[in-house]
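Student:
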Amino acid sequence: MSRDDPIAAAILSESAYERTRYREFGWFNQSLTRKLTVQSYLLHLLAAVLPVLAMLPGEIRTAYLGEPLPDAAPAVGVAALAAAVVVAVGGVGLIAVALFLLARGDSLDDETARAVRSVERVCSMTGLVTGGVATLAVYSLALMGFGGIEAVRAWTAAGGGNPYAPSGVHLPLATVAVAVLGLGVGLRVAAAYLRSRGVGDPARAS
C-alpha cells in the first residue's frame, strides 16, 4: 500500500507525526528531506553571486568593484551572506526536527506530533519563504548592473543603497562564496543521510 498510496499509508501508519503531517493542510507538507534539498539549492544560488558579478559590464566592475573581483567586499556580498544565514538557520531547524523524529518518532503522541509539526512549519517558513525572498532580493541587486552604470545611479538617486559599494565589512566575495557553498553542501549531505535513515516520504522510506 505504501508504494501505491503513500498518503493513505501515512494516515493509517503507527507514526503520529506522519498522520498529523497528512491530516493537516499546509503549504509545507513536503518531506523534511525534500525541504532541506530545496534550501540547499537556495544556498547554491547565493554562492553563485560571485560568478554573476564577474559577468557584469566592465564599466560597473571598474567603477565599483575593482580587481581582483574575488577580493572585493561589496554590500551585495554581505547581503548574500545574510540571506544564506537565514536559509541555513531554517535548514538547521529542520535537521533538528528530523533527528528528534529519529530518536523519538515511534513514541510520539498526537499532541507532541502537532508541536513538532509547528516547529517544522516555522523552520520551513524561515528557510524557504524568508530565505527565498532574501535570495530574490540579493539577485535583484546583483543583476542591477546589467542595466549599466546609469541604472545603478538611478537606483541610488531614488534612495537605494549602491549594492556594489564597499560594505565596510571585510568579507571578500570569495570568502562569502566558499562559506555559502559549504552550507549548501552541508544541507545536501544532511538530506541524503536523513533519507538513508528513512526520513522522507513514506513511499521512499519503505
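Here the sequence shown stands for residues 21 to 226, where the numbers follow our numbering.
For glycine and all other residues, C-beta sits at the position ideal for the given N, C-alpha and C.
Please read all numbers here as calculations on a predicted model, not as lab measurements.
By DSSP's criteria, residue 192 is part of a beta bridge. Which residues make up the other side?
Tutor: If you number the sequence shown from 1, residue 192 lands on position 172. In the DSSP output, where bridge partners are listed per residue, residue 192 has none listed.
Student: Taking only beta-carbon positions, decide if residue 176 is within less than 8 Å of chain D.
Tutor: Given the protein chain composition of this structure (a single chain), no chain D is represented.
Student: Assess contact between the stretch 159-166 and the stretch 107-126, defined as three or more Cβ pairs (one per stretch) separated by less than 8 Å. Is contact present?
Tutor: In short, these stretches do not touch, since the Cβ pair count stays below three.
Student: Less than 8 Å between the CB atoms is what I'm expecting for residue 211 and residue 56, so what's the real figure, rounded?
Tutor: On the sequence shown, residue 211 is found 191 positions in, with the first residue counted as 1. On the sequence shown, residue 56 is found 36 positions in, with the first residue counted as 1. So it is a contact: roughly 4 Å between Cβ atoms.
Student: Which of helix, strand or coil does DSSP assign to residue 183?
Tutor: Counting from one through the sequence shown, the residue named residue 183 turns up at place 163. Correct three-state label for residue 183: coil.
Student: Looking only at its own chain, which residues have a Cβ that is under 8 Å from the Cβ of residue 235, when we skip the five neighbours before and after it?
Tutor: The chain is shown from 21 up to 226; residue 235 falls before or after that span and cannot be answered.
Student: Considering Cα atoms alone, identify which of 187, 104, 169 is closest to residue 63.
Tutor: Position 43 of the sequence shown, counting from 1, holds the residue named residue 63. Measuring from the Cα of residue 63, the nearest candidate turns out to be 104.
Student: Would you kindly check if the distance between the Cβ of residue 181 and the Cβ of residue 95 is under 8 Å?
Tutor: The sequence position of residue 95 within the sequence shown is 75, counting from 1. The sequence position of residue 181 within the sequence shown is 161, counting from 1. The answer is yes: Cβ separation under 8 Å.
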